[in-house]
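Written below as structure tokens is the structure these notes are about.
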Amino acid sequence: MAKNTYELGLGLTEEHRALADSVRSFAERTITAEHVRAAVDAPVEDKFPHYWHGLQAQDLLGLHVPEGNGGQGAGLITLAVALEALGRTIAPGPVVPTVLASAVLAGTDSKIGIEVLPGLVDGSATGAVALGPPLDAVPDNAGGYRITGVADAVLGGEHADVVLVPATIGDDIRWVVLDHADLQVRSQDSIDVLRGSARIEAADVHIGADRVLEALDERRIRSIAAVVLGAEAIGLMSWCVSTAAEYAKTRVQFGRPIGQFQGVKHKCAQMGIALEQARAVLWDAASALDKDESTADFAAEIAAVIVADAAVVCAQDCIQVHGGIGFTWEHDAHLYYRRALAIRGALGSREVRANRVAEQALAGVLRASELELPAEAETIRAQVREELAPLIGLDEDDQLIALGDGGWVQPHLPKPYGRSATPLEQIVIAQEIKTAGIAMPQLLMGGWAVQAVVAHGTEKQKQELAVPTLRGDVVWCQLFSEPGAGSDLASLTTKAEKVDGGWKINGQKIWTSVAQFSEWAMLIARTDPARPKHEGITYFVLDMSTPGVTVRPLRELTGSALFNEVFLDDVFIPDEHVVGEVNAGWHVARTTLAGERVALSQKMEAYATDADLLRFAKGRTLSPVSHYRIGELIAQSHALDVIGARVVLKQLSGSDVSTTSSVGKLLGMALGQAISEFVVDELGPAGVVAVPGEPSDKAMEQLLAGRATTIYGGTTEVQLNVIGERMLGLPRDAA
Numbered sequence: 001m002a003k004n005t006y007e008l009g010l011g012l013t014e015e016h017r018a019l020a021d022s023v024r025s026f027a028e029r030t031i032t033a034e035h036v037r038a039a040v041d042a043p044v045e046d047k048f049p050h051y052w053h054g055l056q057a058q059d060l061l062g063l064h065v066p067e068g069n070g071g072q073g074a075g076l077i078t079l080a081v082a083l084e085a086l087g088r089t090i091a092p093g094p095v096v097p098t099v100l101a102s103a104v105l106a107g108t109d110s111k112i113g114i115e116v117l118p119g120l121v122d123g124s125a126t127g128a129v130a131l132g133p134p135l136d137a138v139p140d141n142a143g144g145y146r147i148t149g150v151a152d153a154v155l156g157g158e159h160a161d162v163v164l165v166p167a168t169i170g171d172d173i174r175w176v177v178l179d180h181a182d183l184q185v186r187s188q189d190s191i192d193v194l195r196g197s198a199r200i201e202a203a204d205v206h207i208g209a210d211r212v213l214e215a216l217d218e219r220r221i222r223s224i225a226a227v228v229l230g231a232e233a234i235g236l237m238s239w240c241v242s243t244a245a246e247y248a249k250t251r252v253q254f255g256r257p258i259g260q261f262q263g264v265k266h267k268c269a270q271m272g273i274a275l276e277q278a279r280a281v282l283w284d285a286a287s288a289l290d291k292d293e294s295t296a297d298f299a300a301e302i303a304a305v306i307v308a309d310a311a312v313v314c315a316q317d318c319i320q321v322h323g324g325i326g327f328t329w330e331h332d333a334h335l336y337y338r339r340a341l342a343i344r345g346a347l348g349s350r351e352v353r354a355n356r357v358a359e360q361a362l363a364g365v366l367r368a369s370e371l372e373l374p375a376e377a378e379t380i381r382a383q384v385r386e387e388l389a390p391l392i393g394l395d396e397d398d399q400l401i402a403l404g405d406g407g408w409v410q411p412h413l414p415k416p417y418g419r420s421a422t423p424l425e426q427i428v429i430a431q432e433i434k435t436a437g438i439a440m441p442q443l444l445m446g447g448w449a450v451q452a453v454v455a456h457g458t459e460k461q462k463q464e465l466a467v468p469t470l471r472g473d474v475v476w477c478q479l480f481s482e483p484g485a486g487s488d489l490a491s492l493t494t495k496a497e498k499v500d501g502g503w504k505i506n507g508q509k510i511w512t513s514v515a516q517f518s519e520w521a522m523l524i525a526r527t528d529p530a531r532p533k534h535e536g537i538t539y540f541v542l543d544m545s546t547p548g549v550t551v552r553p554l555r556e557l558t559g560s561a562l563f564n565e566v567f568l569d570d571v572f573i574p575d576e577h578v579v580g581e582v583n584a585g586w587h588v589a590r591t592t593l594a595g596e597r598v599a600l601s602q603k604m605e606a607y608a609t610d611a612d613l614l615r616f617a618k619g620r621t622l623s624p625v626s627h628y629r630i631g632e633l634i635a636q637s638h639a640l641d642v643i644g645a646r647v648v649l650k651q652l653s654g655s656d657v658s659t660t661s662s663v664g665k666l667l668g669m670a671l672g673q674a675i676s677e678f679v680v681d682e683l684g685p686a687g688v689v690a691v692p693g694e695p696s697d698k699a700m701e702q703l704l705a706g707r708a709t710t711i712y713g714g715t716t717e718v719q720l721n722v723i724g725e726r727m728l729g730l731p732r733d734a735a
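Under full-length UniProt numbering, the residues of the sequence shown are numbered 1 to 735, in order.
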């Protein structure tokens with residue numbers, strides 16, 4: 001059976017998936033519930049836990065370390081994949097503190113790193129990294145330093161053979177490598193009962209200059225810590241999501257599984273969304289650090305903002321879903337909650353983390369989510385560029401015809417309407433069209449209509465409707481929603497009665513975008529009321545000039561009228577305008593070629609974006625609260641970009657992306673609303689009057705129009721149902 005989405009993990013390559021499966025299998029065999037409980041009830045005095053030799057045998061401690069230092073040279077992303085799988089078992093002991101220390105040392109070519117790394121990689125030694133305030137470093141006459149001070153809450157510090165601590169050297173903060181024998185180490189009462197923390201005290205400890213990690217600044221070490229600790233946090237989140245979902249499927253209250261109640265289902269769905277979002281930004285940060293990209297630290301700061309708090313909230317919600325049993329000492333949920341809190345604490349307060357993101361964004365740091373395409377993309381690119389070249393000099397009308405007839409508008413469609421383009425070809429085509437500055441026709445609802453007609457229509461329908469639509473000559477609307485059937489389209493009551501030569505339609509549709517301007521409509525109507533709810537529905541195409549069609553614009557809260565009511569009174573539709581089989585309209589409406597199309601963005605560009613936010617904020621005097629909020633919004637925006645990139649890469653690998661796309665859509669809905677709300681609120685009194693040329697003009701419009709984004713196309717609540725049921729396997733709502 002295929003794995004659920006929440007089990008698929010950080011890695012996108014076959015090698016990463018194989019590694020994740022191997023580590024997870026190892027962890028489930030060797031770090032059992034009995035082992036974990038034994039570690040809880042009897043604190044381990046030996047620094048090496050029972051499974052340590054297994055880690056050594058599989059070379060898991062050196063995945064990320066360069067081969068020259070005894071590791072495998074696979075980088076942080078590979079380490080993160082392994083740590084996620086290991087993190088599901090809430091492994092006791094110093095694994096993560098040790099690999100964090102080796103990851104920091106691997107980032108420098110210092111002599112001390114070369115000396116210490118082999119022991120950390122082969123498992124003969126353990127390490128720890130202090131992430132709190134710096135100690136004092138006073139230069140001595142021998143060219144070294146004397147280190148004095150205290151570091152609290154050092155993860156894994158009690159038994160660490162080497163401890164990396166921050167120290168103030170001149171005007172900078174640098175990490176120095178200290179030996180356990182030179183320190184006063186005292187175990188502290190840690191919130192994480194499976195991995196202790198220690199108070200490390202250095203009392204005038206002399207070190208040579210070679211023990212200072214000059215190559216790594218404070219920001220880079222924070223970045224490495226965010227990735228290593230964040231990867232483990234994602235593992236514990238994955239356990240929390242799956243455990244809560246499984247409990248919600250089996251726990252019965254009031255005669256049905258609690259996962260059927262929307263309050264529980266939506267909470268579990270939000271947990272799954274948080275997991276996907278956290279995975280996306282952690283994957284991005286680890287990849288960026290491996291490539292030493294200029295914005296790698298910015299990516300890691302975004303990961304620190306999102307992952308740390310998401311892990312805590314997921315663990316809290318896991319306890320909540322379990323109810324009273326989740327609050328007991330005997331249930332493992334509190335162990336995951338405790339570890340999530342410890343990880344978050346090690347990375348510093350949310351205020352500090354978010355403000356770092358805001359500082360960078362306001363300083364002009366941008367991180368584009370560029371896709372790393374396989375080598376064959378360049379061969380495709382050369383051919384696409386050559387074929388597009390003749391279109392560049394055409395006038396607008398001729399260019400639109402050429403785009404439509406050449407299959408460029410919807411390249412995923414089969415030829416001749418599209419180009420039968422693979423996901424990789426679609427990406428390259430989109431990139432090259434953008435590079436060439438070619439303006440594509442805005443099909444709006446026509447994009448959906450074409451997919452249905454090409455997939456299920458007759459040749460005549462394809463020639464008369466699909467071809468001119470692809471040329472940008474036809475405006476479409478969608479007559480699906482009804483007053484009594486909003487998101488529940490299958491509850492429609494519009495009736496189609498068979499008459500000589502066609503069908504007579506009676507009913508009412510609502511929330512129909514651009515119906516007042518449309519020439520054709522997609523229409524679903526019930527043709528056999530005796531059949532079950534999702535059957536007996538037929539898909540039609542309707543000429544909007546047909547007698548009996550009345551369009552009444554609905555004035556929205558914006559004051560404009562994008563939506564409409566459409567009344568159908570004895571409207572005649574000829575048989576030739578049935579798409580697909582009679583009574584199979586639900587299949588036509590759902591089973592189009594949309595699943596083959598690669599969407600390169602999850603953002604709703606018609607509404608407020610991070611670009612609007614930064615244009616507004618730059619140069620303004622911001623309060624500490626506003627500065628902090630900008631950091632949060634920028635982090636969420638970047639997460640959305642990365643989710644979009646991961647959706648595309650999953651499509652390239654042939655994976656199912658339906659639930660990940662739903663996550664992106666839901667997050668995109670909320671992002672524009674949050675940005676416009678921030679801007680209007682920040683303006684105060686000036687935000688509630690539209691002044692042409694001032695920020696309030698556009699912000700007010702975006703704020704009002706944006707309220708629709710969490711309603712149309714399936715409300716947030718419906719999307720949460722979909723995610724809960726499809727991603728987590730929760731039971732469908734009761735009939």
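By construction, the Cβ of each residue, glycine as well, lies at the ideal position given by its N, Cα and C atoms.
The structure displayed is predicted, hence computed values, not measured ones.
Could you spell out the range, first to last residue, of the beta strand (DSSP E) harbouring His206?
197-207
Since Asn506 and Gly536 should fall inside the 8 Å C-beta cutoff, what is the C-beta to C-beta distance between them, to a whole number of angstroms?
Not quite, the Cβ-Cβ distance comes to about 16 Å (not below 8 Å), so this is no contact.
Assuming Leu413 contacts Ala402 (C-beta within less than 8 Å), just tell me the rounded distance between them.
Contact doesn't hold; Cβ gap of about 16 Å is too wide.
For the stretch 226-237 against the stretch 301-311, do three or more pairs of beta-carbon atoms, one drawn from each stretch, fall closer than 8 Å, so that the two count as touching?
yes
Going straight from the alpha carbon of Gly404 to that of Arg17, what length do you get?
40 Å
Does the distance from the C-beta atom of residue 736 to that of Val121 stay below 7 Å?
A query on residue 736 cannot be resolved here, the shown segment of the chain reaching from 1 to 735 and no further.
Around the C-beta of Phe254, are 16 or more other C-beta atoms found within 10 angstroms, so that it is buried, or is it exposed?
exposed
Taking its Cβ as the centre, do 16 or more other Cβ atoms sit within 10 Å of Asp641, making it buried, or is it exposed?
buried
Every unbroken beta strand (DSSP E) inside the stretch 519-552 [3 residues or more]
520-526, 537-543
Hey, would you say Tyr539 sits closer than 7 Å to Gly585, going by beta carbons?
yes
Tell me which residue opens and which closes the beta strand (DSSP E) that Pro166 is part of.
162-169
Of the choices Asn564, Glu432, Val579, whose alpha-carbon is the least far from that of Lys462?
Val579
First and last residue of the alpha helix (DSSP H) that includes Thr148?
Thr148 -> not in any alpha helix (DSSP H); beta strand (DSSP E) instead, spanning 145-155.
How is Ile173 classed by DSSP in three states: helix, strand or coil?
strand
Whose C-alpha, out of Glu682, Arg646, Leu666, is nearest the C-alpha of Thr621?
Glu682
Three-state secondary structure (DSSP) at Ala705?
helix
Report the rounded CA-to-CA distance for Leu366 versus Leu614, giving the unit in angstroms.
11 Å
Residue from Asp210, Leu155, Arg219, Ala466 whose Cα sits closest to the Cα of Lys415
Ala466
Where the alpha helix (DSSP H) through Ala340 begins and ends:
333-346
Backbone secondary structure at Lys665 - three-state DSSP
helix
Runs of alpha helix (DSSP H) lying entirely within the stretch 350-401, each at least 4 residues, in chain order
350-362, 376-392
What is the rounded straight-line gap between the Cα of Glu28 and the Cα of Thr89?
7 Å
Looking at the unbroken alpha helix (DSSP H) that takes in Ser420, where does it start and where does it end?
Here Ser420 belongs to no alpha helix (DSSP H), and DSSP marks it neither H nor E.
For a quick check, are the C-beta atoms of Leu400 and Glu432 less than 7 Å apart?
no
Which word fits Leu554, buried or exposed, when buried means at least 16 other C-beta atoms lie within 10 angstroms of its C-beta?
exposed
Rounded separation between Arg526 and Leu492 - CA only:
7 Å
As a quick exercise: from Asp136, Ala142, Arg174, Thr168, pick the residue whose alpha carbon is nearest that of Asp204.
Asp136
Taking Thr108 as the reference, give the member of Leu568, Arg174, Lys47, Val499 with the closest Cα.
Arg174
Can you find the residues in the same chain that come closer than 7 Å, C-beta to C-beta, to Lys331, ignoring five residues on each side of it along the sequence?
At residue 331 the sequence reads His, which differs from the Lys that was named. Answer for His331: His322, Ile325, listed in chain order.
DSSP state of Leu568 mapped onto helix, strand, coil:
strand
Inter-stretch contact (C-beta, 8 Å, three-pair minimum) for the stretch 152-167 and the stretch 178-193:
yes
Hey, out of Lys47, Gly724, Leu671, Gly713, whose CA is closest to Gln702's CA?
Leu671
Counting only the same chain and skipping the five closest in sequence on each side, list residues whose C-beta sits under 6 Å from that of Gly724.
Lys265, Cys268, Ala269, Leu730
Is it buried or exposed for Ala2, if we count other Cβ within 10 angstroms and need 16 for buried?
Interpretation of Ala2 is limited by its pLDDT of 38, a score under 50 that renders its predicted location unreliable; the figure taken from the coordinates is listed afterwards. Result: exposed.
For Cys314, list the residues DSSP reports as bridge partners.
In the DSSP output, where bridge partners are listed per residue, Cys314 has none listed.
To which residues of the same chain is Arg353 closer than 8 Å at the C-beta, ignoring the five residues directly before and after it?
Glu301, Ala304, Val305, Ala308, Leu347, Gly631
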